[in-house]
Each structure stands twice: as C-alpha cells, then as structure tokens.
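Protein chains in written order, with full-length UniProt numbering: chain A, 1 to 428; chain B, 1 to 428.
Note that beta-carbon positions come from the ideal geometry of N, C-alpha and C, so glycine has one too.
Computed from a predicted model, the values in this text were never measured in an experiment.
Shown next, in structure tokens, is the structure this report addresses.
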C-alpha cells in the first residue's frame, strides 16, 4: 500500500473543504498516518461546473458506481446528502470492503443501525463525527471521552440557523420573520427553512447523540419535537426580564434507565453555560454521574469546520487500516431502550396567559394547578398595555408532564382564559 | 484472559474515585470491553488507614514492587503523585510489559517523552487524559478530534484554585489574601499554595497541551510563567470597568511554525467564551486554522471527574489489548521545535501607572511608546482618590514583546512615573 485512496461522493461545500484540508495539511496527515492521502475519484452532479479547488478532470465522474466499484479506493467519504439513494451507495461500498466516513445526519439518524450492521458484517469502519455539531468532536467525546461514566443528560444547541434567529431576536428586538429573511440572505437559512425552524434537523442530531450517550438505539420517532416558528418577541422579552435566554434546545435525559428526548424552545437560566452561546455557534452540554457538568462549544457548520471533522474521521480510519483493526471496535449500543412516560417526565414550565381582567381570575387559574398537584414557583399578574385583557406569567416548580397536560386541557374549558399564549420548558 | 487486572499505585482521592467507578459502572465497562475489570492490587502508604471504599485487605500492599512485579497485572494506574520515584516505578512497569494510565501532570510535563519512549520500546500504552483539566477529555480531543487541523492557539483556564480566587475577588470585591485563606479552608487550595498561585501547575499543563496541539516537544522551561499573587482588587476593578475579566490563562500560540507559551494573569474581553468560566471550573479554548473557535469546559479536579478520565483511558487501553494493538499508535509529536523570539511575540497590553499629577506627564509617557513604535488603543488619565498622584491607564494596540520590554525599561528612568502598578496581557 503506497497511498490511501479516497473516493469522494459529493463536491459541494463540505466536499470542497475536504479536498482543501487534504491538500493543505498533507504533510501533517502523512506524519500521523504514515502514508500519503490521495483524492482518487470524485462523484459530482455536473461535470462542467467550475469549482473552488482544482481536481484533475479525469478524477471527476457523474457515475456513483465508478467510485464505489473502483478497486483502488480504500475509503469512501460521503458528503452528498440525501437518504434513500445515498444509503444504497454506502451499503454497496461497505459490501465491497470500503470504509465509510459520512457527514450525513439525516442518513445516520434514520438508518445508522442498518449501516453500522453492514459495516460490522464486512469488517469495515463507518464514522460520522461531522454529522452533529460540525467542528465539535462531540461524537468521539461521547464514545471515548466518557466511556467510563454514566451520562444522565445531554442538552444541545445543535442547529445554527435557529440559534442565529433567536440570538438576533433577543439582541435586536427584531421579529421572527424579519430575522429569518435576513438569515436566508446571509446563507444561514435555506430557502425552505422548515427542517431547521421546526426542529427536525435538531431532532435528527439528538437521535444520534442520545444513542451514543445512553448506549441504546434511539429512533427519530422517540424525539418529541417543536420548533421556533411560533416564538414571539413578547416571549423573548419575558424570558430576558426573568433572567433567562430562549434557546432551541435538544434535551436528552436518563433516569433509572428510562430516557426521554425532546427538541423545543426552552428558557435557559442566564448563568447556565448554554445561555451565552450566540449566533450560529453550536454547543453540547453533557452531564455525567461522575464527571458532573461539561460543555463543548464550536462552529456547527461551514465548509472547513465540517471538513475538519470528516478528515479527523479519515485519519482514524487510516490508523485502523494500518493496524489492521477496522470494523473490530466494540459496540457502543448495548442497552435495551425504555422510554419515559409523561408521568415520569418532570420539568419546570413557563406559561404566559392572556386572561379577562376581573376579580377571581387568578384564583380560578391557580386552583387548576392545585387540582393537578402542580406547585408554582412564581406568579405575576399585570395589565397588558397592548390589550384590554390582563397577562399572567407563571413559572411552575418541577411538575410532571402528564399533570401539565391535564392543566392545559382544563384551561380550555375555563372562560376567563382568552389564550394560552406560550408554554416553555425551563432549565438551569 | 478472563479479566483485566489492575494494579493501582496510590489510594488517595483519585484512587478512591477509580475504585468507585470501576465498581459502580462494572456492567457498562464490561459491555464496552468484553471483560470484567478487577482491582487486583493497591499500593498504599498506610495499610491501616480507614478508607471510603472497601478493598479486600489482602489486595493492599505498601511495597510498590509487589504491584509492579505481579505477573497477573495487565495495567498500572498511577494516582500516587510525585516525580522521581514514581517515574522509576512506571519505567519498570512498562519494562515488564504493563500498560500505564497516569493522572500525574508533573511527571508527564517533566518526563513525558522518556516515558513514552519506554512505552514504545515495550509495545505498551501510556495514557494521561486526567493529567490536564480533570474531567474534560481535552487530550484525546487534541490527538484525535483535531488530527486533521492545524491548531494555532490554545488558551486554557487549567488551574481551578487560581480561577476560584480571581472569580471570588471579582464577584465579592474580597482581597487576594482573604480569598486565598477561604480557598484553603474549603480545600480548593493547598496549605502551601505556591505551585498553584505562582502559575507552575498551569505551566505544567500547558507543556502537555502545547506538545500535543503543536505536535512538537515542548518543555516546561519553554513556558514563560507568572502567577496571580500580585493581582490587586484595583486591577480587577479596572478590568471590569473596561469590559474585561482578569483570568490566569495559559496561552500557547503558533505562527509560521514558531511557537510561544505563557502562563500569566490576562485580561479577557467579557464576550470571550473563557471570560464567563467561573469558580473552580476549567476550560480550554482551541483555535484551529480550519475549525476556527472551539471551547471545552468542565470540572478541573475532584475525585470522580478525575477518576472518570482515568477510567476512560483504562477502557481505551483494554480495547487496544483486546485488538492486540497496544503501543502501536503513531507518534503525535513529529515537528522540530522553534520558539518565538520576543520580537515575534505580539500582544495587546494593559498598563496601570501611578504618576506625578502635573503638566506634561502624559506627553512624556506617550512619547516613550511612540519612540518604541508601540501604538495605543486607549489612554485614560484620572486623579487617584486614595493617592495624591494621578493614575494613567493605557491599552496598547498589538505590540511586540521586545518593544514593550524596551518601553518598560525606559519608564524606569522617567522621574514622573511613581510606579508601574500593573502590566497585563489583553486577549479577545
């Protein structure tokens, strides 16, 4: 073996970054793995499109199997995105004994177990550090760094688009739609931003993180997901006034081997390390029984940060190749999955209610909380300047989710409540 | 092989934590490495001392070679501390084919290369994640997570004692000596705190981090070190007023393959992620050419956090053992060392001068900066309420260290300057 030959599937932003890093850091990489690394073939959609980095024309192809079937290729790097077709390419590549590095969170969240099973069968590595939180090496941290500990909580700001939007709304008092428009112009949001703003992107990443953190096979359907499209400036102002930042958090928790995973806008105490993570940055907070509080912060996306993680995986694959131990690493998923019921999920909640401004309203509302055994940490009633009605802001003590759902159901038949304007989980 | 047998050298705080984690997480550990892990022998100083965890009496010994020479032992975990004697124990253990996990920063900073060479010779692993920043897996992050990138800056709050002292001085306006006294009572500072407060502890950790980050063999003598014992409340108040936090930072930088490493009290812009790391927490900020800004935050010390890192190393060693690849990992240090000269080191500086309160003083002082081509970002002159003299606060633009040293030398012969009260590096 004179060189490690790479087949690159996809030549967009991250693919370009991978070529750039492999070229610019060739000496460093060779010092670490003992062999030169060569980009042997690149699958592109359009052979004639001009590109930011130069790759010899005869290495470009628009036929995926020209890459997958090439016997000289040792490692496939998948940065093309997509799910069904891409999965088949990677299953086929693994069946041909090629190791795989992928940045594809959708694929790993939906079909990770199947791909890993295929990798095991053919004694191949499959690595996916870049699929979550771009440049932050959080996946190897969960697998190796905390191998000795029992992780009980993972809280992540794992979607840069929504963190950018909420940060801008908080800092500048601009509306959701205005900031979203700006984010599209800056390239921080897709032209169809649904997957980001409705929390689906974050849910996929939390599926991957909680599978590793809890060592059990979490599925996307296990993640209760709510996005930020209904967050108002009023909510953000209240959060700020009460000493919280409103963030789209993925939260995975474990208690007595029962787990729950949610993605939802959450009020985070301003002293919590996640509260000050602004802009498009990502951060993952991990709580372990033994280690306590830790946090990992960095860029969540972008050409070079994401490519850094892809090439770090490549280095790991090549080191394994040289040692002859690809596909031999022990499984990180070995626990049966037990999901928490709503009765077992316990959180603090913030509620903003618009109510009739007359005597006895507060007493009727607080009675409902009492009836369902939800106790309250703080209650504030005040006139609403822009509305003839009054506002009531409530923060509960820890309450189980089932009881909270019963409270919200009871509110529906309470005439004095005009609207339940907002309900947010509260952390820290 | 039916079980992995561990020889534990030292049974203090961290040793107790290791036994606790190995016992409490036995099922998890076994699921990951496929074998039970047994504490086979423990070296103690006093056989009769009562302990927080139970280890069968016949496993305790006060003879180090009863552990090191025991043929049934596969891995030595060194948590006894000390340098010269401990180094000999580990060299001997490696020579007998035993893998080593150590939490000993002094040993690794001073003799890391020699120990690693011995490990290579005998095809053994030596791992030392717990030696820096307790529960934060920063060492494997530098080796594996950023293997593909070129790290240009590492800034660390890597000493909990000094961070606690500076945080308390900042929050409560208490004096250095008062907070130090309190820290001793709380067990956050040793009875002889010299190594912590004078920056030596942080310098050892920066030696280890910069060796890994820059892939070159940094020695303790390469680290320019200054502690916090001369930091005054006045300094902290000025820092706060100007929008900075005063932190003891280890800073390792690389530019054009030339490096510099310092440990010194530094003014960090309050928007920088390191500025809000309070109390005994540690954090390491890493800047990579490709990845950009990242930060890793967590507990820097303590029984269980440190033991978490020790046992995570143990898991890695045992996985290697099962794969038959101990001691075969490629070297992470392969670059010749080139240190920056003072002319190549460039920073912003904060200066607090006590001066005569008369006409022309400021002009004389600013002339000296001009003479040495140091340009100024901001200058503030004001009367000092507690002193008949005036105060001048200066923040420079980026200036090279040699020029700054010439400025400070010129100040000595300037009659109008009463004292150069403080000089701090400014970051962020």
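Annotated three-state conformation of residue 345 (chain A) is coil, per DSSP. The beta carbon of residue 162 (chain A) sits closer than 8 Å to those of 196, 197, 199, 202, 227, 228 and 248, all from its chain and outside the five residues before and after it, given in chain order.
DSSP, reduced to helix, strand and coil, places residue 11 (chain B) outside both helices and strands of the structure shown, so it counts as coil. Residue pairing for residue 298 (chain B): DSSP places it in a beta bridge opposite B:282. According to the DSSP assignment, residue 274 (chain B) belongs to no beta strand (DSSP E), since it is labelled neither H nor E.
At the C-beta level, residue 342 (chain B) and residue 409 (chain B) stay beyond 7 Å of one another.
Each of B:49, B:46, B:374 and B:320 was checked against the Cα of residue 404 (chain B), and the nearest Cα belongs to B:374. Secondary structure at residue 206 (chain B): helix, using DSSP grouped into helix, strand and coil. Collapsing the DSSP output to three states places residue 258 (chain B) in a strand.
Three or more beta-carbon pairs separated by less than 8 Å link the region 101-108 of chain A to the region 296-312 of chain A, which places the two stretches in contact. Linking residue 316 (chain A) to residue 296 (chain A) through their CA atoms gives a straight-line distance of about 21 Å.
The beta carbon of residue 233 (chain A) lies closer than 7 Å to those of 169, 173 and 175 in the same chain, with the five residues before and after it left out.
By the beta-carbon neighbour count (other beta carbons within 10 angstroms, threshold 16), residue 25 (chain B) is buried.
The beta carbon of residue 327 (chain A) sits no closer than 7 Å to any beta carbon of chain B.
Under the Cβ criterion of 7 Å, residue 21 (chain B) is counted among the residues facing chain A. Under a criterion of Cβ atoms nearer than 7 Å, the residues of chain B adjacent to residue 145 (chain A) are, in order, 137, 140 and 312. In the structure shown, the three-state DSSP call for residue 334 (chain B) is coil. Contact with chain B is found for residue 32 (chain A), since one of that chain's Cβ atoms lies less than 7 Å from the residue's Cβ.
Residue 206 (chain A) sits buried, since 16 or more C-beta atoms from the chains shown fall within 10 Å of its C-beta. Sequence-ordered contacts of the region 81-97 of chain A with chain B are nonexistent [C-beta pairs closer than 7 Å].
Looking at A:74, A:105, A:73 and A:246, the one whose alpha-carbon comes closest to that of residue 86 (chain A) is A:105. Straight-line spacing of the CA atoms in residue 419 (chain B) and residue 383 (chain B) works out to 15 Å. Against chain A, a Cβ distance below 7 Å from residue 28 (chain B) picks out 150.
Pairwise C-beta distances place the region 249-269 of chain B in contact with the region 142-161 of chain B, as three or more of them are shorter than 8 Å. For residue 395 (chain A), the uninterrupted beta strand (DSSP E) run begins and ends at 390-396, by DSSP.
One Cα belongs to residue 23 (chain A), the other to residue 345 (chain B), and the distance between them is close to 29 Å.
A straight-line Cα-Cα distance of about 57 Å links residue 193 (chain B) and residue 368 (chain A). A contact between stretches requires three or more CB pairs, one per stretch, nearer than 8 Å, and the region 324-337 of chain B fails this requirement with the region 38-55 of chain B. Interface annotation, residue 210 (chain A): not in contact with chain B, CB-CB separation never under 7 Å. Within chain B, no C-beta atom comes nearer than 9 Å to that of residue 188 (chain A); the closest sits roughly 15 Å away. Rounded to whole angstroms, residue 280 (chain B) and residue 294 (chain B) show a C-alpha spacing of 20 Å. Using a Cβ-Cβ cut-off of 7 Å, residue 334 (chain A) counts as an interface residue toward chain B, since at least one Cβ of chain B sits closer than that to its own.
Taking the C-beta atoms as reference points, residue 5 (chain B) is found nearer than 7 Å to residue 72 (chain B). Counting C-beta pairs closer than 8 Å gives fewer than three between the region 266-285 of chain A and the region 107-121 of chain A, which falls short of the contact rule. Proximity of the region 61-68 of chain B to the region 3-17 of chain B meets the contact definition, three or more beta-carbon pairs being nearer than 8 Å. Of all residues in the region 282-306 of chain A, those with a C-beta nearer than 7 Å to a C-beta of chain B are 288, 290, 291, 292, 293, 294, 295, 296, 297, 298, 299, 304 and 305, reading in chain order.
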